[in-house]
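Following: one structure in structure tokens, then a few remarks.
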Amino acid sequence: MTGAQIAAAARRQTTVIPRRRRGEAASAWGFAGLMYGAVGLAFLGLAAIIWDFAGDGASVLSWDFVTSFPSRVIPENAGIESAVVGTIYLMLICAALVVPIGVMTAVYLEEYADGTRWYNRVIEVNIQNLAGVPSVVYGILGLAFIVRGPLSMGPVLLAGGITLALLVLPVVVIVAREAIRAVPPSIREASLALGATQWQTIWKQVLPGSVAGIATGVILALSRAIGETAPLLVVGAGVSLRFNPDGLDSSFTALPIQIFAWTQDPNQEFVARAAGAICVLMIILLLMNSVAIWLRNRYEQKW
Amino acid sequence: MAEPRLAAASGAQGGRVDLTRTPTRRSRFEAGVRAALMAAAAVSVLTTLLIVGSLVFETIDFLGEVPIGDYLFGTKWTPQFAGDQQSFGVLPLIWGTVYLSLIALVVAIPLGLLSAIYLSEYAPSRVRKVVKPVLEVLAGVPTIVFGYFALTFFSPEVLNGVFGLGVGVFNGLGAGLIMGLLVLPTIASVAEDAMSAVPASLREGAFGLGASKLQVSLRIVFPAALSGIVAALILGASRAIGETVLVLVAGGQTPNLGLDPTESFQTMAAFIAAQARGDIPAGSIEYLTIFAVGFTLFVLTLLLNLVSIRLVRKYRQVYE
Chain A
1 MTGAQIAAAA
11 RRQTTVIPRR
21 RRGEAASAWG
31 FAGLMYGAVG
41 LAFLGLAAII
51 WDFAGDGASV
61 LSWDFVTSFP
71 SRVIPENAGI
81 ESAVVGTIYL
91 MLICAALVVP
101 IGVMTAVYLE
111 EYADGTRWYN
121 RVIEVNIQNL
131 AGVPSVVYGI
141 LGLAFIVRGP
151 LSMGPVLLAG
161 GITLALLVLP
171 VVVIVAREAI
181 RAVPPSIREA
191 SLALGATQWQ
201 TIWKQVLPGS
211 VAGIATGVIL
221 ALSRAIGETA
231 PLLVVGAGVS
241 LRFNPDGLDS
251 SFTALPIQIF
261 AWTQDPNQEF
271 VARAAGAICV
281 LMIILLLMNS
291 VAIWLRNRYE
301 QKW
Chain B
304 MAEPRLAAAS
314 GAQGGRVDLT
324 RTPTRRSRFE
334 AGVRAALMAA
344 AAVSVLTTLL
354 IVGSLVFETI
364 DFLGEVPIGD
374 YLFGTKWTPQ
384 FAGDQQSFGV
394 LPLIWGTVYL
404 SLIALVVAIP
414 LGLLSAIYLS
424 EYAPSRVRKV
434 VKPVLEVLAG
444 VPTIVFGYFA
454 LTFFSPEVLN
464 GVFGLGVGVF
474 NGLGAGLIMG
484 LLVLPTIASV
494 AEDAMSAVPA
504 SLREGAFGLG
514 ASKLQVSLRI
524 VFPAALSGIV
534 AALILGASRA
544 IGETVLVLVA
554 GGQTPNLGLD
564 PTESFQTMAA
574 FIAAQARGDI
584 PAGSIEYLTI
594 FAVGFTLFVL
604 TLLLNLVSIR
614 LVRKYRQVYE
């Protein structure tokens, strides 16, 4: 083949390829359009949700709104104090229960459990399954065992807190396990080689090394807990209570419950109160998430 | 450290040495810690047992009063009525659950998978850093807020206002579509994890053979991540099936076996929440319905979860 022939062949090649590529380019553009459309719709949905409740709720928001009790009669006076206090108490009870149990479970599964034993596999699969159980089913558990049945507490604050703690326990375990797994084995080996026992290694090396990840996970789990409505409805949280809970055995309400009750009200002015309460709930969630992100960035260990 | 007790059992008998360690204070403490941690891990197993226990016993009581055939195959769900009018056929609730979930998935599957492909294969890292947190925020919005949105804006302003569909205040279409938005981030993030886990060498191999970006994404990465993607879809479906408040607020509370999505529907989860709110005496048939329906819902989601866990385990491609 002469140089001219090669050049001609190359030219033929270059004239063939673009034609095929043109069809490809069209489908590539089409696909890119679909992808941008999908992400755009998700963005649009979120923006519309925020715009909707912020627009409806802005006129309601005031310090008085946060510090007055709900009213069933006069919408202008109806506030959310008992709901905010209830939500904060629920969060504290939930944290007090779920942090020790969740972290201990995670430590056990990561540091002690022999994965080939059947009972350890049962625990592991069980946690994965629990994470997929609908939240309303946890409400049924709370209703049957905590509110009535064996514990018979009645629809009180502690019952709500325990139910929410059980609900987010799998989330805490899964996140804490990941954080613990991120501590490299060399740290453990060095500690053990210096004569530390297994627990000393965990307490002095592994847990401090993973505390940022664990704390982030706990905060995210708690923010899921305080946004839950269904289990609290089933457990029997009160609506429009005109008092704050004064103990673990007190009746309680919570922000999502109050929001739910107000959305059910035929009076549109009460529905606007629901939007105001959503604003407060979202501000609380935003604060918690900011703390979580800050914790992650500030204290995350790089190995 | 614990010294091995060198208890030479009488040298005359072959000098056998007992090497067991005597428990020291320290080793006893370590064993105690281990036991405490195991006890904590048992809490989650106990939770499952309690869930199953609470559901099973009351459901057995329920089936003592309502024949199982009438429950599973009956087409009228009217537990609130008295006498002859009372009927416990769960099919309308199951249908409501499945139908609304299908509407949700029709929205969430294409949008979620396209978002996942975009994030995993196309998005520059700067865009990813914006898009992923936005999806996480969307996933973190409480479901009651989605319900409020569907009730006060999406159904009246978008479905009726823009599209003129004439939907009722409570309707399956609005609840289902917004449920799709709710499930979207779940599907997107799990599917994206699965696609990101496909090793770069597979992509590079395909590019080296002259494949285009689109071909690599759809014919190499997508099939390679298929088990994770299917798991994502199942997870999304199980979230949709278990969703309660959104349906309660925006979907209405009418058991419905029909196909018209502009009407009101009730799902199993929404029924449970609505029924448990009313102060009903323990042990009454109305009280027992909560558990029977809860058991049905639990079994359905459990099956989906088990399938998804298995799929991920069994068909997960292990890459070096």
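Heads up: the protein sequence lines correspond to chains A and B, in order.
Residue numbers for the first sequence, in this note's numbering: 1 to 303.
Residue numbers for the second sequence, in this note's numbering: 304 to 623.
Every residue gets a Cβ at the ideal spot worked out from N, C-alpha and C, and that includes glycine.
Test: residue i CB closer than 7 Å to a CB of chain B
i: GLY45/A; result: yes
i: ILE180/A; result: no
i: THR252/A; result: At residue 252/A the sequence reads Phe, which differs from the Thr that was named. Judged by the 7 Å Cβ criterion, PHE252/A is not in contact with chain B.
i: VAL137/A; result: yes
i: LEU34/A; result: yes
i: VAL16/A; result: Its pLDDT being 49, under 50, VAL16/A is placed unreliably by the model, and nothing is read from it.
i: TYR112/A; result: yes
i: ILE88/A; result: no
i: VAL98/A; result: no
i: GLN128/A; result: yes
i: ILE219/A; result: no
i: GLY132/A; result: yes
i: MET104/A; result: yes
i: TRP294/A; result: no
i: LEU222/A; result: no
i: ALA272/A; result: no
Residue-chain proximity (residue i, chain A), Cβ-Cβ < 7 Å
i: GLY545/B; result: yes
i: ARG580/B; result: yes
i: GLY597/B; result: yes
i: ARG337/B; result: yes
i: PHE510/B; result: no
i: LEU492/B; result: Position check: residue 492/B holds Ser in this sequence, whereas Leu was assumed. No, because no Cβ of chain A sits closer than 7 Å to the Cβ of SER492/B.
i: GLU424/B; result: no
i: ASN608/B; result: yes
i: LEU441/B; result: yes
i: MET341/B; result: yes
i: ILE354/B; result: yes
i: ALA572/B; result: yes
i: THR350/B; result: yes
i: SER418/B; result: yes
i: PRO326/B; result: no
Proximity winner among the options, relative to residue i (alpha-carbon distances)
i: GLU439/B; options: LEU285/A, GLU300/A, ASN297/A, GLN301/A; result: LEU285/A
i: LEU340/B; options: PRO75/A, GLU111/A, ALA42/A, LEU192/A; result: GLU111/A
i: THR87/A; options: GLN264/A, SER251/A, SER290/A, THR263/A; result: SER251/A
i: VAL393/B; options: THR599/B, ASP582/B, LEU454/B, ALA491/B; result: THR599/B
i: GLY79/A; options: PRO266/A, TYR299/A, SER240/A, LYS302/A; result: SER240/A
i: LEU551/B; options: GLN569/B, GLY356/B, VAL437/B; result: GLN569/B
i: GLY545/B; options: SER428/B, LEU358/B, THR604/B; result: THR604/B
i: SER499/B; options: ARG431/B, GLY479/B, PRO382/B, VAL369/B; result: ARG431/B
i: SER357/B; options: ILE537/B, ASN608/B, PHE601/B; result: PHE601/B
i: GLY479/B; options: VAL519/B, ILE354/B, LEU408/B, ARG616/B; result: LEU408/B
i: GLY247/A; options: VAL85/A, PRO185/A, ALA95/A; result: VAL85/A
i: VAL348/B; options: GLY55/A, GLU81/A, TYR119/A, ARG177/A; result: TYR119/A
i: VAL133/A; options: TYR374/B, VAL355/B, GLY415/B; result: VAL355/B
Distance, residue j Cα to residue i Cα
i: SER458/B; j: LEU281/A; result: 23 Å
i: ALA83/A; j: ALA274/A; result: 12 Å
i: SER71/A; j: ILE259/A; result: 13 Å
i: LEU97/A; j: ILE202/A; result: 21 Å
i: ILE219/A; j: LEU295/A; result: 10 Å
i: ALA419/B; j: LYS204/A; result: 40 Å
i: SER372/B; j: LEU366/B; result: Residue 372/B is actually Gly in this sequence, not Ser. Approximately 10 Å, taken between the alpha carbons.
i: LEU166/A; j: ASN244/A; result: 24 Å
i: VAL173/A; j: VAL99/A; result: 9 Å
i: THR197/A; j: GLU333/B; result: 8 Å
i: SER390/B; j: SER567/B; result: 19 Å
i: ALA292/A; j: SER210/A; result: 14 Å
i: PHE31/A; j: TYR425/B; result: 11 Å
i: ALA190/A; j: ALA503/B; result: 34 Å
i: SER68/A; j: ASP265/A; result: 19 Å
i: MET104/A; j: ILE447/B; result: 32 Å
Contact belief for residue i with residue j at Cβ below 8 Å, rounded distance in angstroms
i: LEU130/A; j: THR350/B; result: 6 Å
i: THR362/B; j: ALA595/B; result: 5 Å
i: GLY161/A; j: LEU90/A; result: 5 Å
i: GLY531/B; j: ALA497/B; result: 2 Å
i: ALA230/A; j: VAL548/B; result: 5 Å
Residue i CB to nearest heavy atom of the ligand NAP below 6 Å
i: VAL136/A; result: As far as ligands go, the structure on display features none, and thus does not contain the ligand NAP.
- prompt: Would you say the region 545-558 of chain B touches the region 465-483 of chain B, given that touching needs at least three Cβ pairs under 8 Å?
  reply: yes
- request: May I ask you to verify whether the region 129-146 of chain A touches the region 225-238 of chain A, counting CB pairs closer than 8 Å and requiring at least 3?
  value: yes
message: Quick test of the definition: if touching needs 3 or more C-beta pairs under 8 Å, does the region 50-67 of chain A touch the region 261-277 of chain A?
response: yes
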